Amino acid sequence: MWKLTEHLKLTEEQGEKFFPRFRGHREELEKIHQEQRQLMQTLQEKIERGDEIKDNEIKSQVENLAELEKRKLEFQKKFILDLEGVLNNAQRAKLIGFERRLKQEIKDQMKEHRKEKKRSHEKRGRKKGFWN
Numbered sequence: 000m001w002k003l004t005e006h007l008k009l010t011e012e013q014g015e016k017f018f019p020r021f022r023g024h025r026e027e028l029e030k031i032h033q034e035q036r037q038l039m040q041t042l043q044e045k046i047e048r049g050d051e052i053k054d055n056e057i058k059s060q061v062e063n064l065a066e067l068e069k070r071k072l073e074f075q076k077k078f079i080l081d082l083e084g085v086l087n088n089a090q091r092a093k094l095i096g097f098e099r100r101l102k103q104e105i106k107d108q109m110k111e112h113r114k115e116k117k118r119s120h121e122k123r124g125r126k127k128g129f130w131n
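Residue 0 is where the sequence shown starts when you use numbering that gives the first Met the number 0, and the numbers rise one by one after that.
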């Protein structure tokens, strides 16, 4: 939350209005994500069991997943638009890209961590250690 506060440069007053809405928004998105995971898990279980997956099942699952994506996008759109009067336009614009930016930063950090770990293992492999 602090990263979001910092990124949007929220005033204390804005934070008091914004964060309760934001938490509610995140909870609703989590419900949608849970539905998506459940649909995917059902398919995965059928695949793992070797069950036949019929054309109408695939069509139904694709339509259900698409509907959930549509609901998610509509919900996000409504959330951003409803923040008029709470956040200024620049803050709402920053909020739109915040989650994508945060996910990318996390991916980049994980990638860098893996590289460092690999380099560390390679260095240890070249040296004679205590057990070698």
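Don't be surprised by glycine CBs; every beta carbon is placed ideally from N, CA and C.
If you're wondering where the values come from, they're calculated on a predicted model, not measured in any experiment.
Secondary structure of leucine 9 (DSSP, three-state): coil. DSSP places glutamate 66 inside the alpha helix (DSSP H), whose first and last residues are 54-81. Closest option to lysine 8, judged by alpha-carbon separation, among Gln60, Ile57, Asn87, Ala65: Asn87. Comparing alpha carbon positions, the residue from Gln33, Glu44, Gly49 closest to lysine 71 is Gln33.
Straight across, the Cα-Cα distance linking leucine 3 with threonine 41 is about 35 angstroms. Taking the C-beta atoms as reference points, lysine 16 is found nearer than 9 angstroms to valine 85. With three or more CB-CB distances shorter than 8 angstroms, the segment 20-39 counts as touching the segment 74-81.
In terms of Cα proximity to leucine 67, the closest of Ile95, Gln37, Ile46 is Gln37.
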